[in-house]
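Position one of the sequence shown corresponds to residue 0 (numbering that gives the first Met the number 0), numbered consecutively onward.
No residue lacks a Cβ here, since even glycine has one placed at the ideal position from N, Cα and C.
Here is the structure we will look at.
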Amino acid sequence: MALLSVDLKEGTKTVHAEAERSKFVKYFFKGEITPATYGRFLISLYQVYSALEKALEENKDNANVQLLYFPKELARKEALEEDLEFFNGPEWREMLTPVSPAQQAYIDAIERCSKTKPELLIAHSYVRYLGDLSGGQILAKKLQKYNDLPEGKGVAFYSFDQIENATAFKDMYRIRLNQVEVDEETHQAIVQESCQAFIRNIDIFQEFDHELEGLPLTKKEQEALAAVPIETAAAESTGFLASLAPSNLINSLAVAVGLKSNA
């Protein structure tokens with residue numbers, strides 16, 4: 000059986016690239032996501048992380064989930080609450096309902112994993128947290144640059160104060176991934192669930208397409224964006240996804256939200 004960290008990276012390449020080509024991500028890197036739209040996007044992230052962190056807590060005694068459970072270092076819910084109040088005001092909780100279709104589908108997927116096969120939560124953790132951790136500083140700078148944010152405000156989501164060395168932490172995380180002990184069927188199911196997590200992120204991005212100004216990406220633009228290595232794009236654009244699935248927010252936006260998810 001191949002290493003899980005390797006299979007996750009290789010198995011999610013295609014859908015990862017698709018997430019990076021989303022309209023939302025393109026506009027985020029150009030600084031054309033308004034604070035109001037970003038504030039609503041944070042609501043989507045909050046729904047996802049609330050479900051994920053609740054599920055991880057409920058399954059923390061599962062031997063395999065426990066390997067990748069770092070609530071002190073990685074949990075994002077409280078940080079999101081801080082940013083939500085900054086962008087949306089003190090009444091931001093009123094924006095949690097109604098839950099959008101893409102948000103609900105993501106929540107349902109996490110809850111299904113939690114109740115039927117907790118090992119699959121590893122896929123969601125991988126896509127979200129490694130992406131957030133990898134691209135957080137870049138994305139924070141983008142937000143601050145284009146929105147003239149006060150120092151340290153509105154970017155708590157991208158701040159991992161409990162992690163001294165992000166590179167060392169990610170290396171350790173990959174080692175833990177490779178220590179997961181599951182049969183081949185579950186191994187492949189984790190990879191497939193990671194792909195689905197990317198798709199869930201794309202679906203959330205698309206809920207904001209109607210708010211984005213300008214023309215849709217042309218075929219030429221899509222090909223040009225796809226041809227740029229992730230590392231180069233991040234360096235030149237000074238990235239969600241979320242995110243994601245993970246090396247920058249493209250994944251986290253593609254999440255963290257953060258998000259090269261297949262880092």
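For residue i, the first and last residue of its enclosing alpha helix (DSSP H)
| i | result |
| --- | --- |
| M305 | The chain is shown from 0 up to 262; residue 305 falls before or after that span and cannot be answered. |
| T185 | 183-205 |
| L7 | 3-10 |
| R39 | 34-57 |
| H123 | 120-124 |
| P117 | Taken as a continuous stretch (DSSP letters only), P117 belongs to no alpha helix (DSSP H), as it is neither H nor E. |
| Q65 | 62-66 |
| D208 | No alpha helix (DSSP H) contains D208, which DSSP labels as neither H nor E. |
| K266 | Because the chain in this structure spans residues 0 to 262, residue 266 falls outside the shown range and cannot be described. |
| E90 | E90 -> no alpha helix (DSSP H), and no H or E assigned at all. |
| K152 | Premise fails: K152 is in no alpha helix (DSSP H) and is neither H nor E. |
| E72 | 70-73 |
Check whether residue i and residue j have beta carbons under 8 Å apart
| i | j | result |
| --- | --- | --- |
| A54 | S113 | yes |
| N63 | I121 | yes |
| Y125 | L44 | no |
| L129 | L3 | no |
| L51 | R127 | yes |
| K141 | F40 | no |
| H15 | F197 | yes |
| G30 | K144 | yes |
| L211 | F86 | no |
| I201 | S49 | no |
| L83 | I42 | yes |
| D131 | R75 | yes |
| I162 | E72 | yes |
Interface flag, residue i vs chain C, CB-CB below 8 Å
| i | result |
| --- | --- |
| G38 | Although the question refers to chain C, the structure presented lacks it and comprises just one protein chain. |
When the options are compared against residue i, the one with the closest alpha-carbon
| i | options | result |
| --- | --- | --- |
| L148 | A1, K12, P34 | P34 |
| K169 | G134, S21, V181 | G134 |
| L119 | K59, E210, E150 | K59 |
| Q205 | E19, G10, Q178, Y172 | E19 |
| K116 | E184, G38, A16 | E184 |
| V98 | E56, Q46, L138 | Q46 |
| V5 | R199, V190, I203 | V190 |
Exercise. Looking at C-beta atoms only, is the number of pairs between the region 89-100 and the region 54-71 that lie closer than 8 Å three or more?
Worked result: no
Problem set entry | Stretch-stretch touch, CB-based, cutoff 8 Å, three pairs: the region 71-80 with the region 136-156 | yes
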